[in-house]
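Note that the numbering used here has the sequence shown beginning at 348, numbered continuously upward. A virtual CB, placed ideally from N, CA and C, is assigned to each residue, including glycine. Predicted model, so just to flag it, every value in this text is computed and none were measured. Below is one structure, written out as structure tokens, with a few remarks after it.
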Amino acid sequence: MADTTSPVYRARYGWDLRTTGVVAVCTVFTALLLFPDMPLYARVLGLPLFGSGGLFMAYVALSGKVAFRVDGTGVLLGGSPARYRATTAHVPWGDITGEVLWRQAAGHSSVPSVGVTRREGAPALSGDGPKARAVLERLVPVPADAAMASRAVTGRRLDRERPRAAVTHFAPGLPVHDHR
Numbered sequence: 348m349a350d351t352t353s354p355v356y357r358a359r360y361g362w363d364l365r366t367t368g369v370v371a372v373c374t375v376f377t378a379l380l381l382f383p384d385m386p387l388y389a390r391v392l393g394l395p396l397f398g399s400g401g402l403f404m405a406y407v408a409l410s411g412k413v414a415f416r417v418d419g420t421g422v423l424l425g426g427s428p429a430r431y432r433a434t435t436a437h438v439p440w441g442d443i444t445g446e447v448l449w450r451q452a453a454g455h456s457s458v459p460s461v462g463v464t465r466r467e468g469a470p471a472l473s474g475d476g477p478k479a480r481a482v483l484e485r486l487v488p489v490p491a492d493a494a495m496a497s498r499a500v501t502g503r504r505l506d507r508e509r510p511r512a513a514v515t516h517f518a519p520g521l522p523v524h525d526h527r
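This is the structure we're talking about:
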């Protein structure tokens, strides 16, 4: 159980409603594809898709990797579970100019994201480049810099108050940009 009195905020990848649903659906389809009268083409296409998809989502949920952390050193933006070390970024408080909350459209719904705005001239984060920025400028409702220093809230639950309280504790007066 997490210490709710500590000013440090840490969210780990784990089981949420969406992850549980995806794993359950993948498990059902994988089991159905194992029935003897299932056509070979369905097995060849479906087993790798649903089997590996379900296993990957279960791996993410069970990994317990840090998805987002706010502490005395700054903000840790946990990376993609498939390439965690290569895509995880730490942004020190000296580079942070604000906290940003926003939503990315995803079909008929949207995915909440949380991140930081950074000072001009701050070191580039992994994945930052002209092509990525060009794509982000067209697809997201926040500046590309903010999107690069944000993480989608997937594979974990969104706690709205504790991250804000941690930011207020470690960086009093830091503005919150709410684009939700």
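Neighbourhood of residue i by C-beta distance below 6 Å, restricted to the same chain and skipping five residues each side
| i | result |
| --- | --- |
| Leu448 | Val461, Asp525, Arg527 |
| Pro522 | Gly445 |
| Met495 | Leu472, Asp475 |
| Gly426 | Thr434, Thr435 |
Opposing strand residues paired with residue i [DSSP bridges]
| i | result |
| --- | --- |
| Phe415 | Ala358, Leu424 |
| Pro459 | Arg450 |
| Val438 | Val422 |
| Val523 | Glu446 |
| Arg498 | Val461 |
Same chain, Cβ closer than 7 Å to residue i, neighbours up to 5 away in sequence not counted
| i | result |
| --- | --- |
| Val489 | Val447, Trp449, His526 |
Residue nearest to residue i in terms of C-alpha spacing, selected from the options
| i | options | result |
| --- | --- | --- |
| Gly445 | Arg416, Gly401, Val463 | Val463 |
| Ser497 | Ala408, Val422, Val391, Gly411 | Val422 |
| Tyr406 | Arg465, Ala512, Trp440, Val370 | Val370 |
| Glu484 | Val458, Ala513, Gln451 | Gln451 |
| Lys412 | Arg480, Leu424, Glu508 | Leu424 |
Burial state of residue i (16 or more Cβ within 10 Å)
| i | result |
| --- | --- |
| Tyr356 | buried |
| Ser353 | exposed |
| Tyr388 | exposed |
| Ala453 | exposed |
Cut-off 8 Å between Cβ atoms - residues of its own chain near residue i, not counting five sequence neighbours on either side
| i | result |
| --- | --- |
| Met348 | No answer about Met348 holds up, because its pLDDT of 45 lies below 50 and its placement is not dependable. |
| Ala513 | Pro354, Val355, Tyr356, Val417, Asp418 |
| Ile443 | Gly421, Val422, Val463, Thr464, Arg465, Arg466, Ala518, Leu521 |
Cβ of residue i within 7 Å of any chain B Cβ
| i | result |
| --- | --- |
| Ala481 | The structure shown has no chain B; it contains just one protein chain. |
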